[in-house]
Structure formats: structure tokens, C-alpha cells
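A.B. asks: Residue numbering for the sequence shown is 1 to 983, as defined by the working numbering.
Quick reminder that beta carbons are idealized off the backbone N, C-alpha and C, glycines included.
Note that this is a predicted model, so its numbers are computed, not measured.
Sharing a structure with you now.
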Amino acid sequence: MAETSFLPLISKFDVERAAQLIQQAYAPPTISTSPNDLKQLQHELFELQKRPEAWGLVIPFLDHPDPNVQFFGAHTAQVKIARDWSLFPQENALQLRDLILQLASHSMTIGRSKVILRKLFVALSSLALKLVPGHPSRWPDWILACVMTFSGSGASTEHIHDFLSIVAEEVANADLLGPSKIQIHQSLKDAVPMVIQAVRSSLESSQHVPSALKCLQAWMPTMPSSDITPLIPQLISLLDHDSESFESASDALQEVMAKSALSDGSGSRTLTEPLMVWMDTHGSKIVESTLSSGVVDETSRSFCKLLVALGDHSTAYIANNIVSSTPVVPLLPSPIVAPSKTRGQLTQTFLRLLLAYTGLPGYYGVDEEESEMTLGFWYLFQEALWSTDYYIGEDGEQNGDTTSTAAGSDAQTMAKVVYSELVQVLRRKAAFPPKGSGWAKDQVEKFQVYRRDIGDTLINAQPFETPGLLMSVLTYVASALTDPSLCLQAANALRNLCDANRKALAPQIGAFAELHAALGSIPDSEKSKVVQSIASVIQALPAHDEISPIQAIVDPIVIKLVEAMHSSALLETLSGVAKGLTRSTDGLVILGERDSESQAKLDEMIRAREDPRTVKLRESISAALRGVVELWSTDAGISHALSDLFKSITCLPSDTTLISLQAGPLLELVCIASRRQLTAAWLSLAAILIAQLNPPPPILLNGSASKTGPTPEAVALVASALPILLECALGMMSVPRAMEENPDVVQEFFVCMDRTAQDFTGSFYTLPPGALDALMNCAIQALSLQERYSLVQACNFLCTFINRSSVIEALATEKEQLLRAHGMRIMKAILEGFANIAPRRFERLFSSKPPANFSSPLPSVVPNLIEILGTLLSRAGGGGGGGGGSGGALAAQWIRDILFSVSHPYPISTMIAFYERVIFQDDFVQSKATPDVKEKFVKAVIRLVSRSLFDPLDSSLTVAFQFSFPEEDSRCGKPIHPRSERS
1 MAETSFLPLI
11 SKFDVERAAQ
21 LIQQAYAPPT
31 ISTSPNDLKQ
41 LQHELFELQK
51 RPEAWGLVIP
61 FLDHPDPNVQ
71 FFGAHTAQVK
81 IARDWSLFPQ
91 ENALQLRDLI
101 LQLASHSMTI
111 GRSKVILRKL
121 FVALSSLALK
131 LVPGHPSRWP
141 DWILACVMTF
151 SGSGASTEHI
161 HDFLSIVAEE
171 VANADLLGPS
181 KIQIHQSLKD
191 AVPMVIQAVR
201 SSLESSQHVP
211 SALKCLQAWM
221 PTMPSSDITP
231 LIPQLISLLD
241 HDSESFESAS
251 DALQEVMAKS
261 ALSDGSGSRT
271 LTEPLMVWMD
281 THGSKIVEST
291 LSSGVVDETS
301 RSFCKLLVAL
311 GDHSTAYIAN
321 NIVSSTPVVP
331 LLPSPIVAPS
341 KTRGQLTQTF
351 LRLLLAYTGL
361 PGYYGVDEEE
371 SEMTLGFWYL
381 FQEALWSTDY
391 YIGEDGEQNG
401 DTTSTAAGSD
411 AQTMAKVVYS
421 ELVQVLRRKA
431 AFPPKGSGWA
441 KDQVEKFQVY
451 RRDIGDTLIN
461 AQPFETPGLL
471 MSVLTYVASA
481 LTDPSLCLQA
491 ANALRNLCDA
501 NRKALAPQIG
511 AFAELHAALG
521 SIPDSEKSKV
531 VQSIASVIQA
541 LPAHDEISPI
551 QAIVDPIVIK
561 LVEAMHSSAL
571 LETLSGVAKG
581 LTRSTDGLVI
591 LGERDSESQA
601 KLDEMIRARE
611 DPRTVKLRES
621 ISAALRGVVE
631 LWSTDAGISH
641 ALSDLFKSIT
651 CLPSDTTLIS
661 LQAGPLLELV
671 CIASRRQLTA
681 AWLSLAAILI
691 AQLNPPPPIL
701 LNGSASKTGP
711 TPEAVALVAS
721 ALPILLECAL
731 GMMSVPRAME
741 ENPDVVQEFF
751 VCMDRTAQDF
761 TGSFYTLPPG
771 ALDALMNCAI
781 QALSLQERYS
791 LVQACNFLCT
801 FINRSSVIEA
811 LATEKEQLLR
821 AHGMRIMKAI
831 LEGFANIAPR
841 RFERLFSSKP
851 PANFSSPLPS
861 VVPNLIEILG
871 TLLSRAGGGG
881 GGGGGSGGAL
891 AAQWIRDILF
901 SVSHPYPIST
911 MIAFYERVIF
921 QDDFVQSKAT
931 PDVKEKFVKA
941 VIRLVSRSLF
951 DPLDSSLTVA
961 FQFSFPEEDS
971 RCGKPIHPRS
981 ERS
């Protein structure tokens, strides 16, 4: 008998009272028992377990005749070890180990229930997690020691299997770190040979097979492939036994394919092929029995899971061997004696069996639950077919060499046959039952989710659909467009199918004329998607052949738009045409094309755009849009539709379509709309259109072309548009509190100005007198806004404008005048931002451990303010004058103005004086910084500049943040990186 004197002594009376409490809590509820009563009992039991004396309840409770009390005793042992181990006297740890081990052995011997044994097994595992780690270990070879103790006390094999299963599960779920984790997992690896022997013995004797296989599943992730492979023939042989053994063996094989060392397609000859041989011989019988009876029993359901697991495991094998003539030769002795078949025959049998479960009779969720499990395989199978050496893509280029052309052709033919049958099956399975079927709400919702999964599978199967089959699917989808309850899903499906199959559907363009003719019967909300679908097919035609069908689509839209200009639906439809005509691949695909082919396509498009019909078409579109903008641009719905259309109908030169409009005229329309009512949407559009006026050069294979700058026409357009945008925006923001109340407008305004400064810097210096000064005043005022996104965009604009002005030599004089007029005020705004004018949200800017001497939190916009500070220091004084800094001459002029002195021999010292003047002047914002801290700030900044270093995260700037924020302020927020919001 194990030592128990270390446990607290509890009187028999207290034990009985506690037992009565447990019996009340676990007793069947009566009419007089309220939920609050049960909750109170549970709370009292919880408090009872928390007390140190609860250790003394384990043995009395396990000896109690009531199974509920016994269970609570085992549960108490587990809970105390897991939760209160730190309070347990460590000198008694080994005595506790021996006691729990003896209690578990005794409980198995006298036949206590499995739930009680499980709790004791979990307690032993938890105790091992505490005792095994360490050097020396306090419980070496603990798994073997437990098994030997159990066997010596006469425990059954099934109980030992259960113990081993729980050990593997508990260790897998344990939250261990470092050496402890390594030591525990090594103890599992050391026990693998013993576990293998125990499982093998049970399988060979056909005794305790379910518990042995459950144990095997639990240990599967720990076992090496060399230990798993010899067990596979035994597992397959169990598939021929009774239903219980079949399900257990099937579960074990599924675990082998999903979580063992043989997962991810390993073991094709030792696992995949033997299973396929068995399925070819016996699987067909299971499927035939299921289809004939119309009932999916447990064996059939387990077989379906096994099929799906094999498909997920061996997807690549199936794709590569779909027509293989290589005979299957068993690598290991197989229990299945069958005529030799080829890999292709076995693979096709597998696909046929899986397809049978995909197409089970009846409705999913009502008559059967298995068909949904198979859908994922068809998705993976199609991707695997793409990766095979023989797959031929839509462009006709073959992945493999020419020697495999014949086999590749046969494989593609077989794949098309499979997917053609799959599409027919899924179309049938996706059909709703007749009205009045009496489905419950949850059944309808479940079936709708199933239909969406079917849609994903159908769309992914499109490379193997013949044009005829594809047209039948499209006809089926199009028939639902007139049904108000289905039109949304049907329009989305039509758009996706047409977009993914442009080239395949282009020869059938005539059939889409009927769809266009029926456009009037389709709800307005979905017309744009239908028109986009048709336009995407038209895009696959040669450019000249696109003209007539595009005319047929666009002309009626434009005519109606002229007649009824207050129609956002017509604008959305026109936007759908523009989106459909845009090619589906990214413009960077040109990198993989031959230059001659790419240029030929561009030349063909240019010629088609010069056709009088397309010229007239674009003119009519432009005229209609101008009319809409002049009359209805203040309407929110029209404004949104116009914004979407402008984005869709403009593009980079490499993506030009027949109806693409130039950015310049559209920018004029944006200016007209902005004059009527300025919104963030119009400013955002202006930024996009200005960027398109100076597009990036095309990327070619024979070298990268350098960007030469905007054309004179583009410069003239921006020069005329910029004053209008400034007039509208500055007029609006000059109203008191307008900037605070319209942060979206402020943000998009500075995004637009930043974009203009990047490509058209000189346009700012040709503005009417006073306009640039007003813009700079607005930007300086924005540096004090509390809405940080607006502030960040203002910072970005100022940095871009000053930097671009500095690097363009022709603007040197204008830049000097700009900084002379506004540099001092910008500097003052920056320093006031440091001193708490800027938004006060904090967060460290380090993804890893910060420097040891970094102690102060950073305000969220400080990096942006520091970037402007660095720009001024490098461009307007100090440094070496590089990049337009003029050798510090302008800074010296500032200093003379501030100090009323004409010269100073030391530029750096003079700069310190300048900063001191700004910071210490009477009108500077009040802060908690002392003069000493301010002095440290100035010297830290100048020291960095003198070394030509300016890193916003340099620890030398810590004093800058201390200058702004005292240590007692510890609020926290998210900073914005200086360029995180750039377009």
C-alpha cells in the first residue's frame, strides 16, 4: 500500500457532508430544483476543490459506493495536480506519484467505470508533465513504468490501450516550452516500440481491436514512417471484418493519411496503391449496396470518409496516373488477392466511387449528409491536374516535353470526361425541391450553403469544360436572371464564368446577343453585372471585331442616359461594360509575353480606337457624362456611380480598351463637379486622374524604360485644373471648424496635392498670386489637427513638395522663395506638434525589443513630424546643401532675421540659436518641458544633422519626446508610418 500520511486528514463527518453535496449536484433535477440551486452547488464544489484540504478527499471519495462521488474524487486528483501543483509540498511528490499509480491500478482491477479511469489516467499524465522534466528526471521511463504496474495488477489490455491513448492526447495538448517540451516528447518517442508491440499483438489476435486502433491513432503523429508502414497491410485486412472493425480500421487509415509521417502524399506504393486495390475489389460492393438500398449506413459513411481521405492524401498521384498504363505491383505482402491492374484503371475506379457519393440520390441535408464531404477533393484534383507535366493551358503551351504529348492528350480527355460527369451530377444536386416540400428553416439554410460550395467546385472545373458544356451551364445560369430571388447569385455566377472563360466563349459571341436582347427583363440592380459578363467575352475578340458588338451595347445606354440623366443604374451599366472590356490579367503579365506579340496587340487596339465608329462612340459617352455632371453631380447616388465609372473607364496605356477615355477631359469634369459641391470622392478621383496623366513607362523584357516626365499637354491640363481644385477646397476649408468637421475631405485633398507634387511640381509655382501661399497656410494649419489621418497626409504633401522642389534644378529659385516665406512657420508648427498640439496617441514603433536607453513612448504622428523636420534640415540649411539646401544660406538668412544679426561664423551654432529662438519665444505653445530639456532637444537634433544622420527612431531623439510628453503620461495608441498612407 502506498504511503498516504502526507495527505491532509479529514473527519468522516466532513467527508460525508462533502459526498452529500456531490450527490445533490449530480442527482437528476426535480421540480423543486432551480437553476440557481444547481449553480450554487457547483460553486460550492469548486470552492471545495480549491482548498488545500481537498487532497485528503481523493481516497475517501474513490472508496465511496456512489459512482458520482468516485468520479469527483478522481476529478479532484486531476484538478489539484493541474492547478495547485505549486502549493503541493515537493518533498512528497514521489509519494503522490506512487499513490495515484496505485489508485489507478486498483480502480482497473475492481472494474470501475471508464470515465473514472479516464480521470485517473489524465491525473497520471498531468503528474508526469510535472515530474519528468528536469535533470535528473523524477520519473524516468514513466510510460513503461505505468504499463508494467498496470499489467502486474491484472489490468485488461483494453484499459492499457486507453491509458496509452490518453497519454498521447494529454502530451499533445500540453502547454510546454523549451527543454521541458523536448524531454516530455522524448519520453513518448522512447515508448513508441512498446506501443507498436501492444497494437500489433491486439491486431494479430483480433482481440480488443477498437481500443488498439484508437491507441494507434493517438500515437500516429509520434511514430516514424518505418513503424507505420508494416502496420498498413494489417489495417487494410481489417476492412473485410465486421462493421465495428471496419469503422475502426477506416478511422486509423484516415489518421495515417492525415496526421502521420506518411501524410501529404507519401507512401504511394505502400499506402495509396494497396488501398486502391482494396477499393477496386471491395469498395464497389459497398457503393452498390448503398445505391440499391438508398440508405447510407455507418459502414458506407465510413467508406466515404476513407475515399475522401485518400483523395486528399494522394491528389497528385491520382492526377498523374489518371490514364497510366503502369501495372500495380505490391511492394509489401498484401491481404488482397486480385488480378493485376494498371494505375490508370485503379485511379478511374477511385474517381467513379467518389463521384457516386458526390451524386447520392436525394437532397443534401434532408436525405443524405455525405455528398458535401467530397466537394473539396474535386477542387484539389483540378489544381493537381494543372501541376502535372502533361497539362496544356489555354494558351496552348504544354508544361512537359513533347514525348508525353500523347499521354497528356489522353489524360486531358479523361479529365474532361470526369468533370463533364461531375458538372451534370452537381447540377442535379443543386436543384431545389418542388414547392411545398416542407423543409425546415435550418434545412433550407444548410442546403443554400451546400449550393454555394457546389458553385465553387463548378467554377474551378471550368478548364475541363467543353464550349458546348460551358454554354449549357451559362444557359442554366442565365435562366435564373429573371427570378428576383435568384438574380443576384445568377448574375455573380455569370460574371465569374464569363470572366474566367473569355477565350473559350469568344467563338460563341453570337449567343450572347440573345442575352443582351433580354436585358429589359433583368432587374436594374443586376444589369451592370450581366453587361460586364458580355463585355468580358467581347474583350477576347480581335480588337477590330469588338467594335460592332460594343456599339450594340453602348449606344442604347448612352441614348437612354442622354434622355434620363438622373439614372445611376445606367451609369452602373456603362461601368460594367468598361470593367468587362478590361483584360482579366494584371498589366505586369507583359513581362512574360514576347515584345512583338505585345506590341502587335497594342497597335491593333490603337487602329481600332481610330475607327470612326469608336471615335464617335467615345465622343457620345463623353458628351453624356458632361451632361450628367453638369446637372446631377450633387446627387449622392449619381456621384457614387460617376466615381465608379470614371475609375473603370480610364486606365494605363497598356490596358486601353475601345471605350477608354482620356484622363484629361475627365479631370475637367471632376473640376466642374467640385465647383458645384466638393466631396472626398471627387478629390480622390482627381488624384487618380492626375496620376494617369503621367503614367509609368511600360516594362519590357529587353530592358526597363526610364520615365521622362509628363507631356506638355498633361502639364497644361494640370495647370488649369489645379487652381480650380484649390479654389474649391481652400474656400470650403477656410470656414471655421470646416477642417475638423470634414476630415475625409481634408485627407483626400492632401492626397491629391501630394500626387500632384510628385508628378507636376512646377504647377504649384504657376498658380495665380496668393494661391500657393493659401495652400501652404492650409497645410500648416492641418499640422495642428487632431484627426491624425488628415495630419499625416498634410505631412506627406509638405515633404513631397519640398523634396521635389529641391531636386528639380529649374525650381531652385522658387523653392528658396517658398522656404523663405513659409519655412519658419512650418518649423514652428512641427515643434508645437512635439509639444502636444498633435494627436496624443502612443505606441512603441519597435517590432522587436527597443534599445536599452529608449524609455519614452512615441506619439502616433511624431514620425511624420520628424520627417518634415528632416526635410527642412536637409533642404533648407545645415547639412552640406545637398539636394537643394543651398549650403545653409537660407537657414542663415532665417537666423539673421530672428537674431537681428547680419552674419555668424558658425552655422551649426547659429542653427542652435535659431531653434532656441523658436522654442523659447513668447508665443510658443506652453509645455511642461524645462529649459534644460529644451536645450537637450535642440542639441540632439543638431548633433544628428551635423553627422548627416536623421533616423526618427534614433535614441538620441528620446529627449525630444520627453520634451513633449512627461513620463507620467502613459496612454497608448497606434502610430502612423510616414509613408503608410501614400497612394
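Distance, Cα to Cα, residue 164 vs residue 78?
C.D. replies: For this step, residue 164 is matched to residue 164 along the sequence shown. For this step, residue 78 is matched to residue 78 along the sequence shown. When rounded, the distance between both Cα atoms is 17 Å.
A.B. asks: Using the three-state DSSP reduction, which class does residue 736 fall into: helix, strand or coil?
C.D. replies: Looking up residue 736 in the sequence shown gives position 736. DSSP places residue 736 in the coil class of the three-state scheme, outside both helix and strand.
A.B. asks: Give the straight-line distance between the Cα atoms of residue 91 and residue 135, rounded to the nearest whole angstrom.
C.D. replies: For the purposes of this step, residue 91 is identified with residue 91 of the sequence shown, where counting begins at 1. For the purposes of this step, residue 135 is identified with residue 135 of the sequence shown, where counting begins at 1. When rounded, the distance between both Cα atoms is 16 Å.
A.B. asks: Between residue 752 and residue 669, is the Cβ-Cβ spacing less than 8 Å?
C.D. replies: Position 752 of the sequence shown holds residue 752. Position 669 of the sequence shown holds residue 669. Not in contact: residue 752 and residue 669 (Cβ atoms no closer than 8 Å).
A.B. asks: What residue does the alpha helix (DSSP H) around residue 91 start on, and which one ends it?
C.D. replies: Indexing the sequence shown from 1 puts residue 91 at position 91. It is not in any alpha helix (DSSP H) - residue 91 carries neither H nor E in the DSSP assignment.
A.B. asks: I need the straight-line Cα distance from residue 82 to residue 178, nearest angstrom please.
C.D. replies: Your numbering for residue 82 matches position 82 in the sequence shown. Your numbering for residue 178 matches position 178 in the sequence shown. Looking at the two C-alpha atoms, the distance is approximately 19 Å.
A.B. asks: What does DSSP give as the partner residues of residue 327 in its beta bridges?
C.D. replies: Taking the sequence shown and counting its residues from 1, the one referred to as residue 327 is at position 327. DSSP output for residue 327 lists 342 as bridge partner(s).
A.B. asks: Which of the three DSSP states, helix, strand or coil, is assigned to residue 814?
C.D. replies: Here residue 814 corresponds to residue number 814 of the sequence shown, with the count starting at 1. Helix at residue 814.
A.B. asks: Around the C-beta of residue 922, are 16 or more other C-beta atoms found within 10 angstroms, so that it is buried, or is it exposed?
C.D. replies: Mapped onto the sequence shown, residue 922 falls at position 922. Because the pLDDT of residue 922 is 49, which lies under 50, any placement of that residue in the model is unreliable, and the number read from its coordinates should be weighed accordingly. Flag for residue 922 reads exposed.
A.B. asks: Please state the DSSP three-state secondary structure of residue 713.
C.D. replies: For the purposes of this step, residue 713 is identified with residue 713 of the sequence shown, where counting begins at 1. If DSSP states are grouped into helix, strand and coil, residue 713 belongs with the helices.
A.B. asks: Decide yes or no for the touch test of the region 373 to 389 against the region 427 to 439: beta carbon pairs closer than 8 Å, at least 3 of them.
C.D. replies: Contact fails: fewer than three Cβ-Cβ distances are below 8 Å.
A.B. asks: Just verifying my parser: in three-state terms, what is the DSSP assignment at residue 450?
C.D. replies: Here residue 450 refers to the residue found at position 450 when the sequence shown is read from its first residue. Helix at residue 450.
A.B. asks: Just how far apart, CA to CA, sit residue 109 and residue 65?
C.D. replies: As a working mapping, residue 109 is identified with position 109 in the sequence shown. As a working mapping, residue 65 is identified with position 65 in the sequence shown. Each residue's Cα considered, the two are about 16 Å apart.
A.B. asks: Which partner residues does residue 364 have in the DSSP bridge list?
C.D. replies: As a position in the sequence shown, residue 364 is number 364, starting the count at 1. Per DSSP, 368.
A.B. asks: Does DSSP classify residue 414 as helix, strand or coil?
C.D. replies: Position 414 of the sequence shown, counted from the first residue, corresponds to residue 414. DSSP places residue 414 in helix when its eight states are reduced to three.
A.B. asks: If distances are taken between C-alpha atoms only, which option among 246, 869, 293 and 320 comes closest to residue 299?
C.D. replies: Taking the first residue of the sequence shown as position 1, residue 299 is located at position 299. Residue 299 has its Cα closest to that of 246, out of 246, 869, 293 and 320.
A.B. asks: Cα separation between residue 205 and residue 87?
C.D. replies: The residue labelled residue 205 in the question sits at position 205 within the sequence shown. The residue labelled residue 87 in the question sits at position 87 within the sequence shown. Residue 205 and residue 87: Cα-Cα distance of roughly 47 Å.
A.B. asks: Looking only at its own chain, which residues have a Cβ that is under 8 Å from the Cβ of residue 381, when we skip the five neighbours before and after it?
C.D. replies: In the sequence shown, the residue the question calls residue 381 occupies position 381. Answer for residue 381: 311, 315, 318 and 319, listed in chain order.
A.B. asks: Measuring alpha carbon to alpha carbon, tell me which of 84, 85 and 127 ends up nearest residue 104.
C.D. replies: Sequence index remark: in the sequence shown, residue 104 carries index 104 (1-based). The shortest C-alpha separation from residue 104 is found at 127.
A.B. asks: Using the Cβ count rule (16 or more neighbours within 10 Å means buried), how would you classify residue 227?
C.D. replies: Against the sequence shown, residue 227 aligns to sequence position 227. Buried, by the Cβ-count rule.
A.B. asks: Starting from residue 274 and walking both ways along the alpha helix (DSSP H), at which residues does that stretch end?
C.D. replies: Here residue 274 is taken as the residue at index 274 of the sequence shown, counted from 1. From DSSP, the alpha helix (DSSP H) with residue 274 extends over 273 to 278.
A.B. asks: Could you have a look at residue 432 and say whether DSSP puts it in helix, strand or coil?
C.D. replies: If you number the sequence shown from 1, residue 432 lands on position 432. Looking at residue 432 - three-state DSSP - the assignment turns out to be coil, as it is neither helix nor strand.
A.B. asks: Return the Cβ separation of residue 685 and residue 624 in integer angstroms, given the expectation that the two are a contact with Cβ distance under 8 Å.
C.D. replies: For the purposes of this step, residue 685 is identified with residue 685 of the sequence shown, where counting begins at 1. For the purposes of this step, residue 624 is identified with residue 624 of the sequence shown, where counting begins at 1. No, residue 685 and residue 624 are not in contact; Cβ-Cβ is about 18 Å, not under 8 Å.
A.B. asks: Any idea what DSSP makes of residue 439, helix, strand or coil?
C.D. replies: Position 439 of the sequence shown, counted from the first residue, corresponds to residue 439. Of the three classes helix, strand and coil, the one that applies to residue 439 here is coil, per DSSP.
A.B. asks: According to the Cβ coordinates, are residue 425 and residue 358 closer than 8 Å?
C.D. replies: Your numbering for residue 425 matches position 425 in the sequence shown. Your numbering for residue 358 matches position 358 in the sequence shown. Result yes, Cβ atoms of residue 425 and residue 358 sit closer than 8 Å.
A.B. asks: Which one of 725, 874, 578 and 737 has the shortest CA to CA distance from residue 642?
C.D. replies: What you label residue 642 is simply residue 642 of the sequence shown in a count that begins at 1. With distances taken between Cα atoms, residue 642 lies closest to 578.
A.B. asks: Do residue 33 and residue 57 have their C-beta atoms closer together than 8 Å?
C.D. replies: One-based indexing of the sequence shown puts residue 33 at position 33. One-based indexing of the sequence shown puts residue 57 at position 57. No; because the gap between Cβ atoms is not below 8 Å, this pair is not in contact.
A.B. asks: Considering only C-alpha positions, which residue in the set 653, 675 and 678 is nearest to residue 691?
C.D. replies: As a first step, residue 691 is located in the sequence shown; it is residue number 691 there, counting from the start. The shortest C-alpha separation from residue 691 is found at 653.
A.B. asks: Where does residue 313 sit, in a helix, a strand or coil, going by DSSP?
C.D. replies: As a working mapping, residue 313 is identified with position 313 in the sequence shown. Assigned with DSSP and collapsed to three states, residue 313 falls in helix.
A.B. asks: Kindly confirm or deny that the region 538 to 549 and the region 619 to 634 touch, where touching means at least three C-beta pairs closer than 8 Å.
C.D. replies: Taking a contact to require three or more Cβ pairs closer than 8 Å, the region 538 to 549 and the region 619 to 634 do not qualify as touching.
A.B. asks: Where does residue 207 fall in DSSP's three states?
C.D. replies: For the purposes of this step, residue 207 is identified with residue 207 of the sequence shown, where counting begins at 1. DSSP places residue 207 in coil when its eight states are reduced to three.
A.B. asks: I'd like to know whether the C-beta atoms of residue 509 and residue 531 end up nearer to each other than 8 Å.
C.D. replies: Against the sequence shown, residue 509 aligns to sequence position 509. Against the sequence shown, residue 531 aligns to sequence position 531. The answer is no: Cβ separation not under 8 Å.
A.B. asks: Assign residue 256 to buried or exposed, taking buried as 16 or more other Cβ atoms, counted over all protein chains shown, within 10 Å of its Cβ.
C.D. replies: Against the sequence shown, residue 256 aligns to sequence position 256. Residue 256 comes out buried.
A.B. asks: Enumerated in chain order, which unbroken segments of the alpha helix (DSSP H) with a length of 4 residues or greater are wholly contained in the region 465 to 539?
C.D. replies: 467 to 478, 487 to 500, 502 to 505, 511 to 517 and 524 to 538
A.B. asks: Applying the criterion that 16 or more other CB atoms from any shown protein chain within 10 Å of the CB defines a buried residue, is residue 957 buried or exposed?
C.D. replies: Position 957 of the sequence shown, counted from the start, is the residue given in the question as residue 957. Note that residue 957 has pLDDT 48, beneath the 50 cutoff, so the model's placement of it is unreliable and no number is given.
A.B. asks: Considering only residues of the region 541 to 610, which uninterrupted alpha helix (DSSP H) runs meet the minimum length of 4 residues and lie entirely inside it, listed in chain order?
C.D. replies: Every alpha helix (DSSP H) stretch that sits fully inside the region 541 to 610 and reaches 4 residues is listed by chain position as 543 to 563, 568 to 581 and 595 to 609.
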